[in-house]
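Chemist: Chains as they are written, first to last, in our numbering: chain L, 1 to 279; chain Z, 280 to 596. The C-beta atom is built at its ideal place from N, Cα and C for all residues, glycine as well. Since the structure is predicted, the reported quantities are computational estimates derived from the model, not experimental observations.
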Amino acid sequence: MSCGGRKPISTAKMAEEQQESSQGEMEGVNCLAYDEAIIAQQDRIQQEIATSNPLVSDRQDLSVLQSEYAEDDTVYQLKIKDLHKKYSYIRKTRPDGNCFYRAFGFAHLESLLDDSKELQKFKAVAAKSKLDLVNEGFTEFTIEDFHNTFMDLIELCEKQPRLQEVLSSFNDQNVSDYVVVYLRLLTSGYLQREHTFFQHFIEGGRTVKEFCQQEVEPMSKESDHIHIIALAQALDVSILVEYMDRGEGGTVNHHVFPEGGDPRIFLLYRPGHYDILYK
Amino acid sequence: MESKYNLKSPAVKRLMKEAAELRDPTEHYHAQPLEDNLFEWHFSVRGPPDSDFDGGVYHGRIILPPEYPMKPPSIILLTPNGRFEVGKKICLSISGHHPETWQPSWSIRTALIAIIGFMPTKGEGAIGSLDYTPEERRALAKKSQDFCCETCGCTMRSALLDLTPNSNPGAEDHTAKELAQQINFKAESSLSRESSENEGGESEPSTHTQGPSSASQEAEKDQAEQVEASQSTRAEALQTPTTPTSSDRPLSPRQRRAQQTQRESAASRAVFTPVHQPQDESHTGSAVLIVVLTLALAALIFRRIYLAHEYKFDYDL
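#1: Arg582(Z) to Ser565(Z), Cα distance in whole Å?
#2: The segment 173 to 190 of chain L: which residues have C-beta closer than 8 Å to a C-beta of chain Z, in chain order?
#3: Name the DSSP bridge partner or partners of Ser330(Z)?
#4: Closer than 8 Å, Cβ to Cβ, to anything on chain Z: give me those residues from the segment 127 to 144 of chain L, in chain order.
#5: In angstroms with no decimal places, state the Cα-to-Cα distance between Leu191(L) and Asp224(L).
#6: Tell me whether Cys212(L) is buried or exposed, calling it buried when 16 or more other Cβ atoms sit within 10 Å of its Cβ.
#7: Please confirm if Arg293(Z) has its CB atom under 8 Å from at least one CB of chain L.
#8: By the criterion of Cβ-Cβ separation under 7 Å, what are the contact partners of Glu217(L) in chain Z?
#9: Run through chain Z and tell me which residues come within less than 7 Å of Gln289(L), C-beta to C-beta.
#10: Residues bridged to Ala310(Z) by DSSP?
#11: Since Leu391(Z) contacts Val324(Z) with CB under 8 Å, what's their CB separation in whole angstroms?
#12: With DSSP collapsed to three states, give me the class of Asp245(L).
#13: What's the C-alpha gap between Asp145(L) and Asp172(L)?
#14: Taking 8 Å as the cut-off, decide whether the C-beta atoms of His227(L) and Val216(L) are in contact.
#15: Using only the alpha-carbon positions, how far apart do Val181(L) and Lys422(Z) sit?
#16: Compare the C-alpha of Phe318(Z) against each of Asp303(Z), Ser353(Z), Thr412(Z) and Val365(Z) and name the closest.
#17: For Lys296(Z), return the contacting residues in chain L, with the cut-off set at a CB-CB distance below 9 Å.
#18: Would you list the one or two residues that DSSP bridges to Tyr269(L)?
#19: Do Phe104(L) and Ile265(L) have their CB atoms nearer than 8 Å?
#20: So, helix, strand or coil for Gln424(Z), using DSSP?
#21: Is Pro289(Z) close to chain L, meaning its C-beta is less than 8 Å from at least one C-beta of that chain?
#22: Short check: CB of Ile387(Z) to CB of Ile341(Z), under 8 Å?
#23: Examine chain L for any beta-carbon lying closer than 8 Å to the beta-carbon of Met349(Z), and answer yes or no.
#24: Can you tell which of Glu222(L), Gly204(L) and Ile90(L) has its C-alpha closest to the C-alpha of Val56(L)?
#25: Quick check on the DSSP output: the alpha helix (DSSP H) that includes Tyr89(L) runs from which residue to which?
#26: Give me the DSSP bridge partner(s) of Ser188(L).
#27: My understanding is that Arg436(Z) touches Gly361(Z), with C-beta atoms under 8 Å, so please give their C-beta distance in whole angstroms.
#28: On the criterion of 16 or more Cβ atoms from any shown chain inside 10 Å, does Tyr585(Z) qualify as buried, or is it exposed?
#29: Could you give the DSSP three-state label for Arg206(L): helix, strand or coil?
#30: May I have the straight-line CA-CA distance separating Ala516(Z) from Val570(Z), to the nearest angstrom?
#31: Quick check on the burial criterion: 16 or more other C-beta atoms within 10 angstroms. Buried or exposed for His588(Z)?
#32: So which residues on chain Z does Gln46(L) lean against when the C-beta distance must stay under 8 Å?
#33: Report the residues of the segment 298 to 319 of chain Z with a CB closer than 7 Å to any CB of chain L, ordered along the chain.
#34: When the distance is taken between beta carbons, is Gly326(Z) closer than 8 Å to Phe332(Z)?
#35: Does the beta carbon of Ser214(L) sit closer than 8 Å to a beta carbon anywhere in chain Z?
#36: CA-CA distance, Phe322(Z) and Phe141(L)?
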């Protein structure tokens with residue numbers, strides 16, 4: 001019994017008696033404990049993932065991927081070979097449901113470190129974005145901390161810091177999560193602004209607003225095409241995603257968001273997860 | 280208070296802002312941190328007009344986690360109200376029990392408006408929920424005005440701004456209702472995911488998730504241990520009183536079963552018994568039911584044995 005956690009009892013009558021008598025007072029308490037147990041377990045799993053994966057890792061040789069799959073896993077081994085033709089390095093992100101936003105945020109700022117013209121352009125877009133959100137009905141005082149953190153990071157990049165400094169900011173849970181929240185808000189804001197277009201892509205009879213409140217704004221909700229398109233367009237950044245899954249063919253397929261863009265950042269998608277790729 | 284906390288902490292920064300933002304009571308809600316703890320707040324909310332809570336002002340605590348606003352606050356009501364249990368963490372998806380749907384851009388104000396919007400919705404057996412009758416709720420609403428909080432020293436009569444006759448509750452009320460609907464919807468979707476994608480259409484109380492599993496387990500035990508005859512009697516006994524007298528109030532399967540046992544034991548008391556009846560009554564009820572069922576079972580077994588023996592005699596002769 002999911003809610004009780006009692007030991008099995010040999011006869012049905014006793015079980016029934018036990019159940020009937022304890023039902024009343026245990027009902028609330030046990031369900032509460034059950035609920036809390038689930039939360040506690042989720043926390044433990046998160047903890048485990050957190051200790052074994054940094055939020056954003058150092059850049060590694062792409063060959064680390066080979067060892068992640070069995071040698072006779074031909075589908076993946078072939079695709080990794082295909083990936084090698086185009087890319088040389090990979091930077092991994094923690095698989096916590098926020099990986100797309102974190103990978104995007106880091107990869108984009110990294111690509112702007114040695115391009116101050118693009119950085120200034122991006123800074124202007126980012127600075128203006130808060131006002132757009134407020135105009136859309138987001139409460140200013142609740143979103144400004146997230147926006148400020150995001151702007152602080154952009155300003156850090158202006159000073160041409162060592163890459164390590166940006167990396168350590170992205171590995172500071174507070175800073176990193178606040179950036180993720182802000183990128184989620186931008187995604188949500190854009191989806192809602194363009195709701196007539198995006199409505200066609202939303203499943204389950206939900207409105208765009210409901211979709212945003214269930215699948216975009218809460219932390220740890222994974223990202224799909226629709227999120228990527230929205231964020232890419234909200235920030236006017238082009239993103240290329242290489243898709244690597246169990247499909248036949250031996251080659252990885254890529255997709256550029258928005259279509260026809262000239263991507264500066266490359267992400268590797270494996271079912272449920274995004275990492276950063278480098279040429 | 281400023282000197283006590285690390286102003287670099289995102290939670291402290293945010294809570295300071297929220298405290299300033301909510302400093303003055305409105306007609307509908309007010310919340311402030313305790314003097315010695317920025318992470319515990321006390322709040323007062325006005326019961327929504329056009330509901331059984333009209334005229335009530337309700338007081339409670341909000342506990343903020345150190346990770347706030349990345350993690351949701353917990354809400355605990357202190358004034359008896361007939362909708363939420365007193366002293367227990369409330370199960371709105373906005374509060375600590377459903378952290379996965381909390382949004383960091385929500386605030387304590389959002390939580391307060393959600394509570395107001397949530398009050399007239401049905402409890403449906405969710406954790407921390409009550410389904411008192413409208414009369415009881417109205418009586419509690421009247422009484423709630425006399426409540427004084429010992430911790431924060433505020434009295435409900437003066438906690439909020441008086442409603443001015445020409446004040447328009449429409450806008451605030453509308454947001455509250457909208458938020459409540461949205462949160463309600465979310466609670467459903469998170470539940471339906473928990474119970475392995477069971478369509479997720481209907482509004483299901485959280486206890487429901489446990490309902491079927493416990494029932495089926497019971498049934499399994501029955502099958503293993505009992506004779507078929509007894510099973511049919513038991514099933515009959517459980518099925519006969521299922522014509523609900525309280526069709527207007529959906530109850531959780533467990534509540535329904537508890538009610539049935541009560542009604543069976545005290546057939547003379549054919550009146551509808553409210554769900555919040557003292558627990559001991561339902562215990563005596565179930566004890567009586569168990570005894571009756573056991574006797575019926577014994578009688579049937581004896582009859583079986585007797586019949587079996589008779590056949591045997593017939594055959595031998």
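Modeler: According to the structure shown:
#1: Within the second sequence, residue 582(Z) is the residue found at index 303, counting from 1. Within the second sequence, residue 565(Z) is the residue found at index 286, counting from 1. Taking the straight line from one Cα to the other gives about 26 Å.
#2: Taking 8 Å as the Cβ-Cβ cut-off against chain Z, the residues of the segment 173 to 190 of chain L that qualify are Asn174, Asp177, Tyr178, Val181 and Leu185.
#3: Start at 1 with the first residue of the second sequence, and residue 330(Z) comes out as number 51. DSSP, once it has assigned bridges, lists no residue as partnering Ser330(Z).
#4: Along the segment 127 to 144 of chain L, the positions whose C-beta sits under 8 Å from a C-beta of chain Z are Phe138, Thr139, Phe141, Thr142 and Ile143, read in chain order.
#5: In the first sequence, counting from the first residue as 1, residue 191(L) sits at position 191. In the first sequence, counting from the first residue as 1, residue 224(L) sits at position 224. It is roughly 13 Å from the alpha-carbon of Leu191(L) to the alpha-carbon of Asp224(L).
#6: As a working note, residue 212(L) is residue 212 in the first sequence. The residue in question, Cys212(L), is buried, as its Cβ has 16 or more Cβ neighbours within 10 Å.
#7: What you label residue 293(Z) is simply residue 14 of the second sequence in a count that begins at 1. Any Cβ of chain L closer than 8 Å to the Cβ of Arg293(Z) would place that residue at the interface, and such an atom is present.
#8: As a position in the first sequence, residue 217(L) is number 217, starting the count at 1. The contacting residues are Gln382 and Ser384.
#9: Any property of residue 289(L) remains undetermined from this structure, which presents chain L solely from 1 to 279.
#10: Working through the second sequence from its first residue, we reach residue 310(Z) at position 31. Bridge partners of Ala310(Z): Phe322(Z).
#11: Here the question's residue 391(Z) lines up with position 112 in the second sequence. Here the question's residue 324(Z) lines up with position 45 in the second sequence. At roughly 6 Å, the Cβ-Cβ gap stays under 8 Å, so Leu391(Z) and Val324(Z) are in contact.
#12: Here the question's residue 245(L) lines up with position 245 in the first sequence. Three-state result, Asp245(L): coil.
#13: Here residue 145(L) corresponds to residue number 145 of the first sequence, with the count starting at 1. Here residue 172(L) corresponds to residue number 172 of the first sequence, with the count starting at 1. Here the alpha carbon of Asp145(L) sits roughly 16 Å from the alpha carbon of Asp172(L).
#14: By 1-based counting over the first sequence, the position of residue 227(L) is 227. By 1-based counting over the first sequence, the position of residue 216(L) is 216. Contact: yes.
#15: Here residue 181(L) corresponds to residue number 181 of the first sequence, with the count starting at 1. Here residue 422(Z) corresponds to residue number 143 of the second sequence, with the count starting at 1. Put simply, the backbone Cα of Val181(L) is about 43 Å away from that of Lys422(Z).
#16: Translated into the one-based positions of the second sequence, residue 318(Z) becomes position 39. Comparing Cα-Cα distances from Phe318(Z) to each of Asp303(Z), Ser353(Z), Thr412(Z) and Val365(Z), the minimum goes to Ser353(Z).
#17: In the second sequence, counting from the first residue as 1, residue 296(Z) sits at position 17. Correct list: Phe141, Thr142, Glu144 and Asp145.
#18: One-based indexing of the first sequence puts residue 269(L) at position 269. DSSP lists Tyr243(L) and Tyr274(L) as partners of Tyr269(L).
#19: Taking the first sequence and counting its residues from 1, one reaches residue 104(L) at position 104. Taking the first sequence and counting its residues from 1, one reaches residue 265(L) at position 265. Their beta carbons are under 8 Å apart, which means Phe104(L) touches Ile265(L) by this criterion.
#20: Counting from one through the second sequence, the residue named residue 424(Z) turns up at place 145. Coil, per DSSP.
#21: For the purposes of this step, residue 289(Z) is taken as residue 10 along the second sequence, with counting starting at 1. Output row for Pro289(Z): interface = yes.
#22: Locating residue 387(Z) in the second sequence gives position 108, counting from the first residue. Locating residue 341(Z) in the second sequence gives position 62, counting from the first residue. Remark: C-beta atoms of Ile387(Z) and Ile341(Z) approach each other more closely than 8 Å.
#23: Here residue 349(Z) corresponds to residue number 70 of the second sequence, with the count starting at 1. Yes, its Cβ sits closer than 8 Å to a Cβ of chain L.
#24: If you number the first sequence from 1, residue 56(L) lands on position 56. The residue with the shortest Cα to Cα distance from Val56(L) is Ile90(L).
#25: One-based indexing of the first sequence puts residue 89(L) at position 89. Careful: Tyr89(L) lies outside any alpha helix (DSSP H), inside the beta strand (DSSP E) at Tyr89 to Thr93.
#26: Working through the first sequence from its first residue, we reach residue 188(L) at position 188. Paired residues: none, contrary to the question.
#27: Walking along the second sequence from the start, residue 436(Z) turns up at place 157. Walking along the second sequence from the start, residue 361(Z) turns up at place 82. Rounded, the Cβ-Cβ distance is 20 Å, inconsistent with contact.
#28: The residue you call residue 585(Z) lines up with position 306 of the second sequence. Residue environment: Tyr585(Z) is assigned as exposed (fewer than 16 neighbouring CB atoms within 10 Å of its CB, all protein chains considered).
#29: Here residue 206(L) refers to the residue found at position 206 of the first sequence. Arg206(L): coil per DSSP, three-state reduction.
#30: In the second sequence, the residue the question calls residue 516(Z) occupies position 237. In the second sequence, the residue the question calls residue 570(Z) occupies position 291. At Ala516(Z), the pLDDT of 42 sits below 50, so the modelled position is not reliable; the number obtained from the coordinates is stated separately. The alpha-carbon atoms of Ala516(Z) and Val570(Z) are separated by roughly 13 Å.
#31: Here the question's residue 588(Z) lines up with position 309 in the second sequence. By the neighbour-count rule (16 or more Cβ atoms within 10 Å), His588(Z) is not buried but exposed.
#32: As a position in the first sequence, residue 46(L) is number 46, starting the count at 1. The premise fails here: Gln46(L) is roughly 11 Å from chain Z at the closest Cβ pair, so nothing lies under 8 Å.
#33: So the list reads Glu300, given in the order they occur along the chain.
#34: Taking the first residue of the second sequence as 1, we reach residue 332(Z) at position 53. Taking the first residue of the second sequence as 1, we reach residue 326(Z) at position 47. Yes; because the gap between Cβ atoms is below 8 Å, this pair is in contact.
#35: What you label residue 214(L) is simply residue 214 of the first sequence in a count that begins at 1. Going by the sequence as given, residue 214(L) is Gln instead of Ser. It does: the Cβ of Gln214(L) has a partner Cβ on chain Z nearer than 8 Å.
#36: One-based indexing of the second sequence puts residue 322(Z) at position 43. One-based indexing of the first sequence puts residue 141(L) at position 141. Looking at the two C-alpha atoms, the distance is approximately 20 Å.
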